[in-house]
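Chemist: Oh and the sequence shown: position 79 is 78 in numbering that gives the first Met the number 0, straight run, nothing missing.
First, the structure itself, so that you have it in front of you.
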Amino acid sequence: MNHNDKRTTRVEALQKLAAAPLAIGALAALQAQADAAATMDQKAAAYQDKPKGSAKCEGCSLFIPAKSNPMKANGACKLVKGSISPNGWCKFYSPKAK
Ligand code: SF4
0 MNHNDKRTTR VEALQKLAAA PLAIGALAAL QAQADAAATM DQKAAAYQDK
50 PKGSAKCEGC SLFIPAKSNP MKANGACKLV KGSISPNGWC KFYSPKAK
């Protein structure tokens, strides 16, 4: 490794460090976009964090599952704001097409 190789490595490392906040910012922007798209307050939607009979968010066409552990982690909703449990329910429940 000559002097120039070391310098290139440092430059690359600095570029990666500079890009990390951008990636985190992009994730935050995606969450903000999801929140911005959702327009209904949980209270107005009569959202509850438990199912209503067999109807629950994970079976709703408006549910957006979490990327990590989609069967258990809270996700989002295209209509209702905030963190949405896959086991939740609201009055706008719309079952997925089978
Ligand atoms: S049941 Fe309500 S809160 Fe749950 S995903 Fe469907 S519309 Fe959203």
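Ideal Cβ placement from N, Cα and C applies to all residues, glycine included.
The structure presented is a predicted model; accordingly, all values stated were derived computationally and were not measured.
In the structure shown, what three-state DSSP assignment does residue 89 receive?
Modeler: In the structure shown, residue 89 sits in coil (DSSP, three-state: anything other than H, G, I, E or B).
Chemist: Put residue 54 into one of helix, strand or coil per three-state DSSP.
Modeler: Reduced to three states, the DSSP call for residue 54 is strand.
Chemist: Which residues does DSSP pair with residue 74 in a beta bridge?
Modeler: 83.
Chemist: Between the alpha carbons of residue 86 and residue 75, how many angstroms are there, rounded?
Modeler: Cα to Cα, the separation comes out at about 12 Å.
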